[in-house]
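All remarks here apply to the structure that follows.
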Amino acid sequence: MKLKTVAVAVLALTSGFAFAQSVVTIAHVGPTSGAIAHLGKDNENGAIMAVEEINAAGLTIGGQKVTLKLMMEDDGADPKQGTAVAQKLADAKVSGVIGHLNSGTTIPASKIYSDAGIPQISPSATNPKYTRQGFKTAFRVVADDTQLGGTLGRYAVNTLKGKTVAVIDDRTAYGQGVAEEFSKAVVAAGGKVAAKEFTTDKATDFNAILTTIKGKKVDVVFFGGMDAVAGPMLRQMKSLGINAKFMGGDGICSTELVKLAGDAITDNQVYCAEAGGVEGKGKVGMDAFKAKFKAKFGTEVQVYAPYVYDSLKLMVAAMVKAGSSDPVKYLPVLAATKDYQGVTGPISFDEKGDIKGGALTLKTIRGGKLEEIAVIR
Numbered sequence: 213m214k215l216k217t218v219a220v221a222v223l224a225l226t227s228g229f230a231f232a233q234s235v236v237t238i239a240h241v242g243p244t245s246g247a248i249a250h251l252g253k254d255n256e257n258g259a260i261m262a263v264e265e266i267n268a269a270g271l272t273i274g275g276q277k278v279t280l281k282l283m284m285e286d287d288g289a290d291p292k293q294g295t296a297v298a299q300k301l302a303d304a305k306v307s308g309v310i311g312h313l314n315s316g317t318t319i320p321a322s323k324i325y326s327d328a329g330i331p332q333i334s335p336s337a338t339n340p341k342y343t344r345q346g347f348k349t350a351f352r353v354v355a356d357d358t359q360l361g362g363t364l365g366r367y368a369v370n371t372l373k374g375k376t377v378a379v380i381d382d383r384t385a386y387g388q389g390v391a392e393e394f395s396k397a398v399v400a401a402g403g404k405v406a407a408k409e410f411t412t413d414k415a416t417d418f419n420a421i422l423t424t425i426k427g428k429k430v431d432v433v434f435f436g437g438m439d440a441v442a443g444p445m446l447r448q449m450k451s452l453g454i455n456a457k458f459m460g461g462d463g464i465c466s467t468e469l470v471k472l473a474g475d476a477i478t479d480n481q482v483y484c485a486e487a488g489g490v491e492g493k494g495k496v497g498m499d500a501f502k503a504k505f506k507a508k509f510g511t512e513v514q515v516y517a518p519y520v521y522d523s524l525k526l527m528v529a530a531m532v533k534a535g536s537s538d539p540v541k542y543l544p545v546l547a548a549t550k551d552y553q554g555v556t557g558p559i560s561f562d563e564k565g566d567i568k569g570g571a572l573t574l575k576t577i578r579g580g581k582l583e584e585i586a587v588i589r
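Going by my numbering, the first residue of the sequence shown is number 213, and it counts up by one from there.
Set out below in C-alpha cells:
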C-alpha cells in the first residue's frame, strides 16, 4: 500500500499539478437560435446562474470536491436538431440534462436519454405525452397541458363569458396539445368551438384564417403556439377589426409578446396561463430571484428561467444525497424528491415524473405589462 501511495504522490508531482477536482457535467438544451431564441436564452441564463452559485458555494459529492460544468446546446426548437443534440449528449455521457424547452423537441429527445439512462428534467414542456411514455428518466417541474388548457378553457366560458370560440394551433406538439385541452374544456363548460384553424410555428401571414374566423363572430380566439407567432397574429387581428379576446398558454405568456404585438394589444384583451406560480411567502423568494437575474444579465425574466434554476439545483441536490453523480445511483433519489424548496415553490414528483400539485398563473396584459390575475392549483 505504501509503495502505491508513494507512486500516486510522485505521479501527481511529476505531472505538474496536485489532485484536480472532479468535474461533473450537466447539460442545458433550449432554442438559443431562431424565432424563440429569447425564451431559450432566458432558460439558459437560469442554468448559468444556478451553476455559478453552486460552484461559488463549493460542491462535495461522495466526499469529493466537485466542479460543476454546464454544457450548453441549441436545439433551434426543431425536433430533428433536438434529437441530434440529445444523441450528442448521450455520447458525451453527461450526468444529467435540463431541457428541452418545447414539447416538440423534449418528447423525441426523451427516448434517447431514456435509452442512455440519463435523467432529464424539463422546466417547460407541457404536453402530457412527455411523462406518459413510461420512461423512468423523464421529469418536469411545471403543470401539463391538461391543467393548462383546461383551466384556460373554463376561464374563457365561465369568467370571460365566451359563448363561441375559435381555436388556432401551430401544429407543434405543444400547440396542438394545449389547443386540444382548451377545446375540450370549452365544450365541457357549455361553450361552442365555432372554428378550428391551424398555421405553423414560422408563419407570419394569418389573413386567410383570421378572415374565416371574423365571419364566425367569435368572442374568444385561442392560439396554441409561441409569442413569436402570436405577436404578428394580434397585429393582423387588429387590422381586420377582430375585437375578440385573445388567449393562449405559456408560450405567449412572455414580456416579449408586448413588444411583438405593440399597440395591437388593448388592456384586458390578452389572457394567458403560465405553467407555474408562487403565492404568499413564496413571492419574496421569486422577487429576489428576478432582481438577482436582472442585475446579472441586464434583462427581465421572460418565463421559465426560475424553473431551469430550480431543476438544475434539484438535480445536483439528488447527486449530493445519493453521494454520486452516476445516473444509476442518483436517479432513484431524484425520483423520490419530496418537498424540495425551490424559488418556484415546493417540488415533489409523482410516479410518472410529473410535479405534484403543479400551479398555474393566470395573467393578462394591462398598460403594456403582464399582470397576474390568480395562481391556481
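Positions of the beta carbon are idealized from the N, C-alpha and C atoms, including for glycine.
{"Asked": "Given this structure, state the Cα-to-Cα distance separating Q514 from H250, to the nearest angstrom.", "Found": "8 Å"}
{"Asked": "Return yes when the Cβ of G329 is within less than 8 Å of the Cβ of G288, no when it is not.", "Found": "no"}
{"Asked": "Thinking just about the alpha-carbon of each residue, which of G436, T317, S395, D479 is nearest to the one in Q293?", "Found": "T317"}
{"Asked": "Are there 16 or more other CB atoms within 10 angstroms of the CB of R352, so buried, or fewer, so exposed?", "Found": "buried"}
{"Asked": "Kindly give me the distance between the Cβ atoms of G579 and D417, rounded to whole angstroms, as I take these residues to be in contact under 8 Å.", "Found": "That pair is no contact at about 29 Å."}
{"Asked": "May I ask you to report which of helix, strand or coil DSSP gives K183?", "Found": "What is shown of the chain runs 213 to 589, which leaves residue 183 out entirely."}
{"Asked": "Quick check: the region 368 to 384 against the region 453 to 472, are at least 3 beta-carbon pairs closer than 8 Å?", "Found": "yes"}
{"Asked": "Which residue's Cα is closest to the Cα of A268: D327, K281, A304, E512?", "Found": "K281"}
{"Asked": "Please determine, among F347, K575, V369, the residue with the shortest C-alpha to C-alpha distance to G488.", "Found": "K575"}
{"Asked": "Excluding the 5 residues preceding and the 5 following V222 in the sequence, name in chain order all residues of the same chain whose CB lies nearer than 8 Å to its CB.", "Found": "Model confidence at V222 stands at a pLDDT of 34, short of 50, so the residue's coordinates are unreliable and nothing is read from them."}
{"Asked": "State yes or no: is the C-beta of N314 within less than 8 Å of the C-beta of T384?", "Found": "yes"}
{"Asked": "Do you know how far the Cα of K373 is from the Cα of A529?", "Found": "46 Å"}
{"Asked": "Could you please give me the residues that DSSP links to S334 through a beta bridge?", "Found": "R352"}
{"Asked": "Which residues share a DSSP beta bridge with V532?", "Found": "Per DSSP, none; premise fails for V532."}
{"Asked": "Quick one: what's Y483 bridged to in DSSP?", "Found": "M459, T576"}
{"Asked": "With DSSP as the reference, label A406 as helix, strand or coil.", "Found": "strand"}
{"Asked": "Across the region 257 to 265 and the region 508 to 524, are there enough close Cβ pairs to call them in contact, namely three or more that are closer than 8 Å?", "Found": "yes"}
{"Asked": "Skipping 5 residues on each side, what residues in its chain have a beta carbon closer than 7 Å to that of Q359?", "Found": "G570, L572"}
{"Asked": "Compare the beta carbon distance of R447 and A415 with 8 Å and say whether it is the shorter of the two.", "Found": "no"}
{"Asked": "Report buried or exposed for T349, applying the criterion of at least 16 other Cβ atoms within 10 angstroms of its Cβ.", "Found": "buried"}
{"Asked": "Out of M527, G436, V432, which has the shortest C-alpha to C-alpha gap to V405?", "Found": "V432"}
{"Asked": "Return the first residue and the last residue of the alpha helix (DSSP H) that L469 is part of.", "Found": "467 to 473"}
{"Asked": "Quick check on the burial criterion: 16 or more other C-beta atoms within 10 angstroms. Buried or exposed for V496?", "Found": "exposed"}
{"Asked": "For L271, which residues does DSSP report across the bridge?", "Found": "V278"}
{"Asked": "How is the alpha helix (DSSP H) around T244 delimited, first residue to last?", "Found": "Segment: none, T244 is in no alpha helix (DSSP H) and carries neither H nor E."}
{"Asked": "Please report how far the alpha carbon of F231 lies from the alpha carbon of G270, in whole angstroms.", "Found": "Residue confidence is low: F231 scores 36 on pLDDT, short of 50, so the model does not pin down where it sits. Its coordinate-derived value is still stated next. Near 16 Å, if we compare the C-alpha coordinates of G270 and F231."}
{"Asked": "Please state whether DSSP places Q293 in a helix, a strand or coil.", "Found": "helix"}
{"Asked": "Please report how far the alpha carbon of V399 lies from the alpha carbon of S466, in whole angstroms.", "Found": "27 Å"}
{"Asked": "Counting only the same chain and skipping the five closest in sequence on each side, list residues whose C-beta sits under 7 Å from that of M284.", "Found": "H240, E256"}
{"Asked": "Determine whether the beta carbon atoms of V278 and T338 lie at a separation below 8 Å.", "Found": "no"}
{"Asked": "Would DSSP call F501 helix, strand or coil?", "Found": "helix"}
{"Asked": "Just mark G395 as buried or exposed, buried being the case when its beta carbon has 16 or more other beta carbons within 10 Å.", "Found": "According to the sequence provided, residue 395 is Ser. The question's Gly does not apply to it. Buried is the call here."}
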